[in-house]
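**Student:** Under our numbering, the first residue of the sequence shown carries the number 881, and numbering increases by one thereafter.
Quick one: the structure is below, and I'll ask about it shortly.
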Amino acid sequence: MDWIHFDIAFPVEHGNRATGYGPALICALLASHLDVPLLKTLQ
881 MDWIHFDIAF PVEHGNRATG YGPALICALL ASHLDVPLLK TLQ
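In structure tokens:
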């Protein structure tokens, strides 16, 4: 994989609760499943 992009700049809410996940959590999860050197530095 050469490139990946997430449009997650705006938090999502439903009532009083957030429904989205933070970029750091998503990057950490991807780092454990993908062979992307930049993501591996986050582990």
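For glycine and all other residues, C-beta sits at the position ideal for the given N, C-alpha and C.
(1) Nearest by alpha-carbon distance to residue 904: which of 921, 897 and 895 is it?
(2) With burial defined as no fewer than 16 other Cβ atoms inside 10 Å of the residue's Cβ, what is the status of residue 918: buried or exposed?
(3) Leaving out five residues before and five after residue 902 in sequence, what residues of the same chain have Cβ atoms less than 7 Å from its Cβ?
**Tutor:** Taking the coordinates as given:
(1) What you label residue 904 is simply residue 24 of the sequence shown in a count that begins at 1. The shortest C-alpha separation from residue 904 is found at 921.
(2) Here the question's residue 918 lines up with position 38 in the sequence shown. Label assigned to residue 918: exposed.
(3) As a position in the sequence shown, residue 902 is number 22, starting the count at 1. If we look at residue 902 and ignore the five residues flanking it on each side, it has no Cβ neighbours.
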